[in-house]
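Numbering (our numbering), first residue to last: 9 to 123.
Below is one structure; the comments refer to it alone.
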């Protein structure tokens, strides 16, 4: 887990910016009833999940660890989200949400086991 601490600050800031942008777009899409903002939020969500997934997977010391599995789930969820955005397939939206949910849970487990 210590290898996550070596992630460049610019990457960390980019991830935080992406998350804030995602929530901003979601709120705007709901308040303004603007479908394009919702579409953009889905794309931002996918790229944040892919970025964090790759980061966790490549930084994990053991490929069978919860950290590695969490990264893989986030990566799969992000890719599924991108495909779902462009195909409109509801099943892929569900797969993306579930994969990201499991990925976040595995990341929390990895942090908990490390402490």
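Where a beta carbon is used, it is the ideal one built from N, C-alpha and C, also for glycine.
Please read all numbers here as calculations on a predicted model, not as lab measurements.
The C-beta distance from residue 78 to residue 121 rounds to 11 Å, too long to meet the 8 Å contact threshold.
Contiguous alpha helix (DSSP H) elements confined to the stretch 64-107 occur at 74-95, taking only those with 4 or more residues. Counting only runs that start and end inside the stretch 11-56, the alpha helix (DSSP H) elements of at least 4 residues fall at 17-40. Counting the other Cβ atoms within 10 Å of the Cβ of residue 65 gives 16 or more, which makes it buried.
Counting only residues of its own chain and dropping the five nearest sequence neighbours on each side, residue 74 has a CB closer than 6 Å to the CB of 114, 117 and 118.
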